[in-house]
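**Q** Starting off with a structure, shown below.
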Amino acid sequence: MEKRPFSELGLSPELLKAVDKLGFEEASPIQTAVIPVALTGKDVVGQSSTGSGKTAAFAIPAIERVDPKLRAVQVLVLCPTRELAVQVAEEVGKLAFFKRGVREVPIYGGQSYERQFRALDAGAQVVIGTPGRVMDHMDRGTLRLDALQVVVLDEADRMLDMGFRDDIEKILSAVPESRQLLFFSATMPREIQDLIKRYSRDPAWIKIEALAQNRPQVEQVWFEVDRRSKIEALTRLIDVNDFRYGIIFCSTKIMVDDLDEHLHSRGYATDRLHGDISQAQRDRVMQKFRERKFEFLVATDVAARGLDVDDLEVVFNYDLPNDAEDYTHRIGRTGRAGRKGRAFTFVSGQELYKLQGMVRWAKLDVRRGRIPSLDEVEEAKTNVFFERIRATLDAKQFKPHDRMIDRLLDQGYASTDICSALIHLLHGGESGSAAPAPAVAPKTPEGAPAWVKKAMSPKPGPEVERVAPNALPSPAGKPPTESPVDEDEDRESALEATRSTSKSKYERPARTGREPGFTTVFLNVGRKQLITPADVVGKIAGVTRLPANVVGAIDIHQRHTLVDVAEGHALAVIQKLGGIKMKGVALAPTLAQPGTAS
Ligand code: ADP
Ligand code: MG
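Numbering (numbering that gives the first Met the number 0), first residue to last: 0 to 597.
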């Protein structure tokens, strides 16, 4: 798999400078093979895996062909999704940076025509668009292709999967005969070969095999998880590994909404992306995710397709992807540019056979892992906290509180006890004198509202440097996911995960009557929606901003939940929760009638 310096590929000084500015040290194998051939004007069919640098492989020769003085469309790039069109446009913009007078414009559905007209009118030479919107503009006469030199089909296989075949054929039939055609695809199914035969002239076929060293460095692990335990398993894996930046793939929009909401109420910074979300909102979410304004993006395949985000620590296949192709696309989002990434895949029931099929077909290198136990999660969190204290001490990043400490020491308390009491309070513990002791006071950040997690977090915001390194030793001295385990142990931990979902350690024993000082509130969600006590506390604390200890006993029934709320706060809770969604159900809280507590 040959790689060469860009300086040997015949580029103009402007493009060489741009590549250098982008920090690319040498051309990737697909770039090394494609660029010199494409520069001669020959049609090219390029095939290589996700993340191998196909964008620059077609964008560099295409930009070289552009005559900046001619204010007409000379390059047309077709992409399957709006996200990809925007990304490719950004990369084209960077590569054309030093070639003055070259302008690019992404055109896609969901964005106003006005803006696109203006850019086209102003003489953009490189148009990057989704087939549907490109057709629209051609029909309206706002996109004229008579000066076209190069047509690129990026992710051709995806475009066909998404039903763009007719549009693509119409576009290819309407462009000038003399154009150069560049075809890019990760796979070459029959349909694409037909398309190539029909529309290209004697193309150079360039295929880069994904050799091990070439493949993204992704550690792939699968977990057998009972469907109902998935959320618990997910949060444990996140906590044990202290992940801070990743994508969680679900199979449906409903799953995405549901999981996003659930993680949110457990105090994780998440956002979501799927086909029903407006374009403007999607752009905002993507922008925020790139800037690391939140930790986990919950998404469907279509929404996240072709998405170029660097540096993901982890990709979770919360639901098994449809096929090996989707699997590869998904995990290609991590382990980029030689950095190590992780891909965790959940499998439940019959899906195991599907995964085995994918492993055989695509020769995936996936090993089995074990969901960490609650003890391991606690241990890992303690380690993170320990590192955080140590780093704060080492960096002397704290205000002295000598007076208060001296006062306590003067009263005869030992310094170790003082520290222990502080840590206890910081973990959401309660002071002994406050009566009565609240029933539901999270002792650890697990399931605790966001502010508790934040207080425990090794870094105050996602954009701040991580204090503790990723590798958190488990009691065995290895990361828990690494330890090989036999099936029984695995099943045991899956069971445990089930148990702790249905009955959290914060859940109180069946109650006998209403506590003094508490009012019972009725919520129209229950076991049917897989509600856990931690969900309820998290939701109330998150929405009302009241401390978690205003919540007392929680009784979860099949279709409803009874929550004790400290007197004086019940009405506020009812008011603020009204209409808020929990597990997809709009809450309609009311004061519980006496006797409802069965
Ligand atoms: P593909 O389209 O094959 O999936 P991309 O073109 O999206 O891959 O490239 C993946 C990532 O690699 C991008 O972040 C891109 O900026 C980066 N990249 C591309 N070419 C190089 C190179 N020669 N050196 C270093 N990084 C590169
Ligand atoms: Mg690409």
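Don't be surprised by glycine CBs; every beta carbon is placed ideally from N, CA and C.
Bear in mind the structure is a predicted one, so any value in this text is a computation, not a measurement.
Would you say the beta carbon of PHE23 comes nearer than 7 Å to a heavy atom of the ligand ADP?
**A** yes
**Q** Counting Cβ pairs, one atom from each stretch, are 3 or more of them under 8 Å apart for the stretch 46-64 and the stretch 200-210?
**A** Output reads yes: the stretch 200-210 touches the stretch 46-64.
**Q** Please state if the CB of ASP257 and the CB of GLY583 are separated by a distance shorter than 8 Å.
**A** Contact: yes.
**Q** According to the neighbour-count rule (16 or more other Cβ atoms, all chains shown, within 10 Å of its Cβ), is SER492 buried or exposed?
**A** Only weak support exists for where SER492 lies, its pLDDT of 42 falling under 50; the value from the coordinates is given anyway. The residue is buried, with at least 16 neighbouring Cβ atoms inside 10 Å.
**Q** Would you kindly work out how many angstroms separate the C-alpha atoms of LYS362 and GLY577, rounded to a whole number?
**A** 51 Å
**Q** Going by CA-CA distance only, name the one from ILE191, HIS136, SER184, LYS580 that's closest to ALA173.
**A** HIS136
**Q** Label LEU421 either buried or exposed according to how many other C-beta atoms from any shown protein chain fall within 10 Å of its C-beta, with 16 as the threshold for buried.
**A** exposed
**Q** My guess is that ASP300 and ASP325 are in contact by the Cβ rule of under 8 Å, so how many angstroms apart are they, rounded?
**A** 6 Å
**Q** Closest by CA to PRO79, which one among GLN124, LYS93, GLU260, GLU154?
**A** GLU154
**Q** Judging by CA-CA distance, which residue of GLU260, ARG227, ALA268, LYS252 is the nearest neighbour of GLY245?
**A** Of the candidates GLU260, ARG227, ALA268, LYS252, the one whose C-alpha sits nearest the C-alpha of GLY245 is ALA268.
**Q** Does the distance between the C-beta of LYS206 and the nearest non-hydrogen atom of the ligand MG fall short of 7 Å?
**A** no
**Q** By DSSP, does LYS98 sit in helix, in strand, or in coil?
**A** coil
**Q** Looking at the structure shown, is ALA279 part of a helix, part of a strand, or coil, going by DSSP?
**A** helix
**Q** Can you tell me whether ASN321 is buried or exposed, with buried defined as 16 or more other CB within 10 angstroms of its CB?
**A** exposed
**Q** State the Cα-Cα distance for the pair ARG265 and PRO28, rounded to the nearest angstrom.
**A** 44 Å
**Q** Roughly how many whole angstroms lie between the Cα atoms of LYS580 and ALA58?
**A** 45 Å
**Q** Go to SER184, then tell me how far its alpha helix (DSSP H) extends in each direction, as first and last residue.
**A** SER184 -> not in any alpha helix (DSSP H); beta strand (DSSP E) instead, spanning 179-184.
**Q** Between the C-alpha atoms of PRO4 and PHE343, what's the straight-line distance to the nearest angstrom?
**A** The C-alpha of PHE343 is placed about 35 Å away from the C-alpha of PRO4.
**Q** Can you list, in chain order, the stretches of the alpha helix (DSSP H) that have 4 or more residues and sit fully within the stretch 367-426?
**A** Fully enclosed alpha helix (DSSP H) runs of 4 or longer: 373-394, 401-409, 414-425.
**Q** Taking the alpha carbon of ARG178 as the point to measure from, which residue in PRO202, LEU590, LYS353, ASP165 has its own alpha carbon closest?
**A** PRO202
**Q** For a quick check, are the C-beta atoms of LEU262 and LEU296 less than 8 Å apart?
**A** no
**Q** Alpha carbon to alpha carbon, how far is ALA302 from ALA121? Give it in angstroms, no decimals.
**A** 31 Å
**Q** In this structure, what does DSSP give as the bridge partners for LYS598?
**A** As displayed, the chain neither begins before 0 nor continues past 597, which places residue 598 out of reach and without an answer.
**Q** Go to VAL36, then tell me how far its alpha helix (DSSP H) extends in each direction, as first and last residue.
**A** 28-38
**Q** So, under 8 Å CB-CB, ASP681 and PHE288 are touching, yes? Tell me the CB distance rounded to an integer number of Å.
**A** Lying outside 0 to 597, the shown extent of the chain, residue 681 is not represented and no answer is given.
**Q** Please classify GLU464: does DSSP put it in a helix, a strand, or coil?
**A** Confidence in GLU464 is poor, its pLDDT being 29 and thus under 50, which makes the residue's placement too unreliable to answer from.
**Q** Roughly how many whole angstroms lie between the Cα atoms of ASP405 and ASN548?
**A** Cα-Cα distance, rounded: 30 Å.
**Q** Determine whether the beta carbon atoms of THR31 and GLU1 lie at a separation below 8 Å.
**A** yes
**Q** In three-state terms, what does DSSP make of GLU290?
**A** coil
**Q** By alpha-carbon positions, which one of LEU586, ILE573, THR518, GLY516 ends up nearest to VAL524?
**A** Closest by alpha carbon: LEU586.
**Q** Cβ atoms of LEU77 and VAL125: under 8 Å apart, would you say?
**A** no
**Q** Can you check whether the CB of ALA88 is closer than 8 Å to the CB of VAL101?
**A** no
**Q** How should SER499 be labelled, buried or exposed, when 16 other C-beta atoms within 10 angstroms of its C-beta is the threshold for buried?
**A** Here the model assigns SER499 a pLDDT of 36, short of 50, so the residue's position is not dependable, and the following value carries that caveat. SER499 should be labelled buried.
**Q** Rounded to a whole number of angstroms, what is the C-alpha to C-alpha distance between ARG510 and ALA552?
**A** With a pLDDT of 30 at ARG510, under the threshold of 50, the modelled position of that residue is not reliable, and the figure given next carries that caveat. Answer to the nearest angstrom: the Cα atoms are 8 Å apart.
**Q** Comparing alpha-carbon positions, which option in PRO12, ALA55, VAL18, VAL358 lies nearest VAL33?
**A** ALA55
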